[in-house]
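These notes concern the structure reproduced below.
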Amino acid sequence: MSSLWAKIIGQDRTVERLRQLADTNVQSFLFVGPEGCGKELAARIFATTLITQSDKDDTREADLIMRGEFSDVNEIYRVGAAVDADEAEGIVLQSSTTPLEAKVKIIIIHEVHLMRDAAAVRLLKTIEEP
Numbered sequence: 028m029s030s031l032w033a034k035i036i037g038q039d040r041t042v043e044r045l046r047q048l049a050d051t052n053v054q055s056f057l058f059v060g061p062e063g064c065g066k067e068l069a070a071r072i073f074a075t076t077l078i079t080q081s082d083k084d085d086t087r088e089a090d091l092i093m094r095g096e097f098s099d100v101n102e103i104y105r106v107g108a109a110v111d112a113d114e115a116e117g118i119v120l121q122s123s124t125t126p127l128e129a130k131v132k133i134i135i136i137h138e139v140h141l142m143r144d145a146a147a148v149r150l151l152k153t154i155e156e157p
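Going by the working numbering, the sequence shown opens with residue 28, and the numbers climb by one from there.
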């Protein structure tokens, strides 16, 4: 049994801050950085920490989240050049459903920087409201 955070190399300050933030009640997080820096890994580990209240890799939930297969962690990948308003509407609908297994539902939107303006406007209220 080991800490999932140990998989993130060279980001000690960021990892420590994410560990601290996992104990807060902040609703939205934005992981930013160049391709290959570990944003996806960090987002999945953070999701695991929020759902399991642990950073250990020995639970069913941790295994499923890290593989992108846990029912209450939805990962959104763009279809086409950018996330459009219709896809944003689907994200809003997903966010309003009750979690199946966990106490919370987490949505990870990959390549959010490629989101169209109309989609961003549609998601803004959902992201900002608790």
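All C-beta atoms, glycine included, are put in the ideal place defined by N, C-alpha and C.
Pair within 8 Å by beta-carbon distance, residue i and residue j
i: ASP99; j: LYS66; result: no
i: GLU88; j: THR76; result: no
i: ALA146; j: GLU102; result: no
i: SER122; j: THR153; result: yes
i: ILE72; j: LYS130; result: no
Of the listed residues the options, nearest to residue i (C-alpha basis)
i: ASP50; options: CYS64, ILE36, ALA74; result: ALA74
i: PHE56; options: ILE136, LEU141, SER29, LEU31; result: ILE136
i: ALA70; options: ASP111, ARG46, ALA147; result: ARG46
i: LEU151; options: ASP90, ILE118, ALA33, TYR104; result: ILE118
i: MET93; options: LEU68, ASP144, ALA109, TYR104; result: LEU68
i: VAL59; options: THR41, LEU48, LEU120; result: THR41
Exposed unless 16 or more other CB atoms sit within 10 angstroms - verdict on residue i
i: VAL82; result: Note that residue 82 is Asp in the sequence shown, not Val. Looking at its Cβ environment, which holds 16 or more other Cβ atoms inside 10 Å, ASP82 is buried.
i: ARG149; result: buried
Counterpart residues of residue i in DSSP-defined beta bridges
i: LYS132; result: For LYS132, which the question treats as bridged, DSSP gives no partner whatsoever.
i: GLU102; result: ILE135
i: SER29; result: Partner(s): none; SER29 has no beta bridge.
i: LYS83; result: SER30
Reduced DSSP secondary structure (H/G/I, E/B, other) of residue i
i: ILE72; result: helix
i: SER122; result: helix
i: LEU77; result: helix
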